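Accompanying notes for the structure given below.
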Amino acid sequence: MAGVGNIYASESLFAANVLPNRAARTLNEEESVLVANSIKEVLLRSIRQGGTTLRNFLQSDGKPGYFINELQVYGRNGQPCKVCGMPVQIAKHRKRSTFFCSSCQH
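Residue numbers (our numbering): 25 to 130.
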């Protein structure tokens with residue numbers, strides 16, 4: 025998902041139950057709408073939480089972003105999925121990491 029960023033792409037696709045390696049052309053209209061809505065929802069939740077602090081990101085008031093506490097798959101390689109308990113997996117594409125649950129996502 026170009027332009028969304030790794031964290032929010034992983035989280036949005038998880039929320040939509042779509043595997044990250046699926047070509048966009050294979051999504052039906054319902055799935056496409058679900059992915060688009062999931063992107064909006066994940067980004068809005070992140071904004072409300074002040075973003076995602078992984079290392080040194082801070083908000084303008086010096087506080088960290090708390091969306092990291094809501095991450096379902098990003099950065100959780102090998103850890104149990106919070107929904108089904110299967111291990112979260114990682115895929116690399118052009119030096120970028122994508123996290124997903126092969127049980128919850130199709």
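Glycine included, every Cβ here is placed at the ideal spot set by N, Cα and C.
A quick note: this is a predicted structure, and the numbers were derived from the prediction, not measured.
query                                                                                                                           : result
For K116, which of helix, strand or coil comes out of DSSP?                                                                     : strand
Around the C-beta of C108, are 16 or more other C-beta atoms found within 10 angstroms, so that it is buried, or is it exposed? : exposed
For S126, which three-state DSSP category applies?                                                                              : coil
With R72 as the anchor, note down where its alpha helix (DSSP H) starts and where it stops.                                     : E53 to R72
Shorter than 9 Å from the beta carbon of I31 to some beta carbon of chain B?                                                    : In summary, chain B is missing from the structure at hand, where a single protein chain is found.
Helix, strand or coil for S34, going by three-state DSSP, please let me know.                                                   : helix
Looking at G89: is its Cβ nearer than 9 Å to the Cβ of F123?                                                                    : no
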